[in-house]
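Using the numbering used here, read the sequence shown as starting at 29 and increasing by one per residue.
Ideal Cβ placement from N, Cα and C applies to all residues, glycine included.
Computed from a predicted model, the values in this text were never measured in an experiment.
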Amino acid sequence: MKVGETMNTHKKPGLAGCDLRRLTVIAALATTAGACQGGSDPAEPEFPEIPVSLVLPDGPYDYAGVAIPRHYRTNDFPPEFSHQRAAIDLDNMPADNPITNYGARLGRVLFYDTSLSANGEVACATCHDVDLSFTDGQRFSVGVGGSTRNPAMSLLNVRFYRSDRFFRDERAPSLEEQALMPIQDPLEMGLTLERLVSIVESKHYYPELFEDAFGDATVTPDRIARALAQFQRSIVTAGANYDRGRAQVDSPLDPFPNFTDEENLGKSLFMDPGSRPVACANCHITEAFVTRAPANNGLGPGLRPDAGVGEVTGDPEDEGKFKAPSLRNIAIWPPYMHDGRFGTLLEVVEHYSSGIQDHPNLHPLLRDEHGEPFRFNFTDEEKVALVRFLMTLTDFRVIDDRRYQNPFYRGIS
Numbered sequence: 029m030k031v032g033e034t035m036n037t038h039k040k041p042g043l044a045g046c047d048l049r050r051l052t053v054i055a056a057l058a059t060t061a062g063a064c065q066g067g068s069d070p071a072e073p074e075f076p077e078i079p080v081s082l083v084l085p086d087g088p089y090d091y092a093g094v095a096i097p098r099h100y101r102t103n104d105f106p107p108e109f110s111h112q113r114a115a116i117d118l119d120n121m122p123a124d125n126p127i128t129n130y131g132a133r134l135g136r137v138l139f140y141d142t143s144l145s146a147n148g149e150v151a152c153a154t155c156h157d158v159d160l161s162f163t164d165g166q167r168f169s170v171g172v173g174g175s176t177r178n179p180a181m182s183l184l185n186v187r188f189y190r191s192d193r194f195f196r197d198e199r200a201p202s203l204e205e206q207a208l209m210p211i212q213d214p215l216e217m218g219l220t221l222e223r224l225v226s227i228v229e230s231k232h233y234y235p236e237l238f239e240d241a242f243g244d245a246t247v248t249p250d251r252i253a254r255a256l257a258q259f260q261r262s263i264v265t266a267g268a269n270y271d272r273g274r275a276q277v278d279s280p281l282d283p284f285p286n287f288t289d290e291e292n293l294g295k296s297l298f299m300d301p302g303s304r305p306v307a308c309a310n311c312h313i314t315e316a317f318v319t320r321a322p323a324n325n326g327l328g329p330g331l332r333p334d335a336g337v338g339e340v341t342g343d344p345e346d347e348g349k350f351k352a353p354s355l356r357n358i359a360i361w362p363p364y365m366h367d368g369r370f371g372t373l374l375e376v377v378e379h380y381s382s383g384i385q386d387h388p389n390l391h392p393l394l395r396d397e398h399g400e401p402f403r404f405n406f407t408d409e410e411k412v413a414l415v416r417f418l419m420t421l422t423d424f425r426v427i428d429d430r431r432y433q434n435p436f437y438r439g440i441s
């Protein structure tokens, strides 16, 4: 059986530290053996081929029943917070592609399958690593053809982005269409749709997965896109310290009993403008903390030219506007901003405190009464409090959830 084509339905551990140690020992023994044999070159040891198996449970995990917490389903902000919504109001799941257990299972396998790229080494998960909250930690993501202009966006709570725009420049009109674009991008995965279908059809583990998901084994780009979208929409994060505190109060504006004074101060600064004309939550809305619309937030020129949404629409009024991801788990997926220019959350807060630059399309909420860029002028205490609050949005459960882990097992039995 060729590498990458073994299917095993028995559960095995992933590539944990013990597996890495085993492979290190095996590699070292292979090197030593080569060095001891007269005709071998110790500089070029022969390493054992490491088999790759697809490891799935007998039945699918529960994706359709992913819990949506009450505070995602209701809007408990006061009426004067007219910009706020319930996260579920922004649900982009179409009626013709609901999340199903078998559909999302297929999407998970497609998401992690490196054979679905021009060099056989890049998968969706390469740039959307579950351990990094489905980002890659790179300032500029790297695919089969080189680096892109942007860091990968987190996929957490992608279900609650408004339904008609995806990517930082909003070039994809649906999550289903977004799913196929990186596969066809010459920089990212580098395949044509025809070649994609051919590769999927060649893998012996896909017919059963497609039949379970769609009723027969026919492979089409549309089915691939629908399965990937189902998997991504199932990734909902609501197990953070924020959520535990939110469950104990009636309103997101109430002090959370499980928060420190510093964290509650940061939450208040984020949610409620108080004496300032605007707060962070004017743009990062709902309790999934997603953006209302693409915006220019006064960053100034970056390392690489990028007109953002304006490059897609051709409208000068869209130039320099970008979509932002959900802020959930933001503490563990630097770098930040559309060009990855900031490496820490404190730098992000400092930008809004003192660094907002003018731009013809600067968001109106970031201008003062004189039309100049608004600076929040946070105190040092407030800056730290905001960072502490953002850290409360971290949900480690979604990272460890087996439903979202790599199903391809690499190791030696």
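Subject >> Opening and closing residue of the alpha helix (DSSP H) in which residue 415 lies >> reply: 408–419
Original post:
In chain order, what residues of the same chain lie with their CB nearer than 7 Å to the CB of residue 204, ignoring the 5 residues before and after it?
Top reply: 125, 253, 254 and 257
Subject >> Outcome for residue 147 when other beta-carbon atoms lying within 10 angstroms are tallied against a minimum of 16 >> reply: exposed
**OP:** Mind checking who residue 324 pairs with in its DSSP beta bridge?
**Re:** 390
Original post:
Cβ of residue 391 within 8 Å of Cβ of residue 286?
Top reply: no
Original post:
How far does the alpha helix (DSSP H) with residue 424 in it reach, from first residue to last?
Top reply: 424–428
**OP:** Inspect the CB distances between the stretch 285–303 and the stretch 230–246 and report whether three or more fall short of 8 Å.
**Re:** no
Subject >> C-beta contact flag for residue 193 and residue 351 at 8 Å >> reply: yes
Original post:
Can you list the alpha helix (DSSP H) stretches of 4 or more residues lying completely in the stretch 158–235, in chain order?
Top reply: 203–212 and 221–230
**OP:** Please work out which residues of its chain come closer than 8 Å, Cβ to Cβ, to residue 370, disregarding the five sequence neighbours upstream and downstream, and give them in chain order.
**Re:** 362, 363, 364, 376 and 379
Subject >> Coarse secondary structure for residue 366, derived from DSSP in three states >> reply: coil
**OP:** Please work out which residues of its chain come closer than 6 Å, Cβ to Cβ, to residue 374, disregarding the five sequence neighbours upstream and downstream, and give them in chain order.
**Re:** 415
Original post:
What do you get for residue 238, buried or exposed, if any count of 16 or more other CB atoms within 10 angstroms of its CB means buried?
Top reply: buried
Original post:
Measuring CB to CB, does residue 132 end up less than 8 Å from residue 317?
Top reply: no
Original post:
DSSP puts residue 318 in a beta bridge; with which residues?
Top reply: 313
Subject >> Backbone CA spacing between residue 429 and residue 397 [nearest angstrom] >> reply: 48 Å
Original post:
For residue 386, does the count of other Cβ atoms within 10 angstroms reach 16, so buried, or fall short, so exposed?
Top reply: exposed
Original post:
Alpha carbon to alpha carbon, what distance is there between residue 228 and residue 444?
Top reply: Outside the modelled stretch of the chain, which goes from 29 to 441, sits residue 444, for which no answer is possible.
Original post:
Using the rule of at least 16 other Cβ atoms within 10 Å of the residue's Cβ for burial, across every protein chain shown, is residue 101 buried or exposed?
Top reply: exposed
Subject >> Of the residues 431, 357, 403 and 382, the one placed nearest residue 161, counting alpha carbons only >> reply: 357
Original post:
Do you know offhand how far residue 141's Cα is from residue 304's?
Top reply: 49 Å
**OP:** Can you say whether residue 405 is buried or exposed, counting buried as having 16 or more other CB atoms within 10 angstroms of its CB?
**Re:** exposed
Original post:
Excluding five sequence neighbours on each side, which residues of the same chain lie with their C-beta closer than 6 Å to the C-beta of residue 413?
Top reply: 290, 293 and 294
Original post:
Distance, Cα to Cα, residue 182 vs residue 107?
Top reply: 31 Å
Subject >> Boundaries of the beta strand (DSSP E) in which residue 436 is found, first to last residue >> reply: 436–438
**OP:** Could you pull the start and end residues of the alpha helix (DSSP H) that residue 137 belongs to?
**Re:** 129–140
Original post:
Taking the C-alpha atoms as reference points, what is the distance between residue 340 and residue 195?
Top reply: 11 Å
Original post:
Of the residues 184, 150, 427 and 117, which one's Cα is nearest the Cα of residue 217?
Top reply: 150
**OP:** Give me the Cα-Cα distance between residue 388 and residue 87, rounded to the nearest whole angstrom.
**Re:** 54 Å
Original post:
Which residue or residues does DSSP assign as beta-bridge partners of residue 401?
Top reply: 395
**OP:** Check whether the Cβ atoms of residue 359 and residue 299 lie closer than 8 Å to each other.
**Re:** no
Original post:
Where does residue 22 fall in DSSP's three states?
Top reply: This structure does not reach residue 22, given that the chain is present from 29 up to 441, and the question cannot be answered.
Original post:
Tell me which same chain residues have a C-beta within less than 6 Å of the C-beta of residue 336, skipping the five on either side of it?
Top reply: 197, 348, 349 and 350
Subject >> residue 281 vs residue 355 beta-carbon contact at 8 Å >> reply: no
**OP:** Give a yes or no on contact between the stretch 92–101 and the stretch 261–268, applying the rule of three or more CB pairs nearer than 8 Å.
**Re:** yes
**OP:** Just the C-alpha distance for residue 278 and residue 103, rounded to the nearest angstrom, thanks.
**Re:** 11 Å
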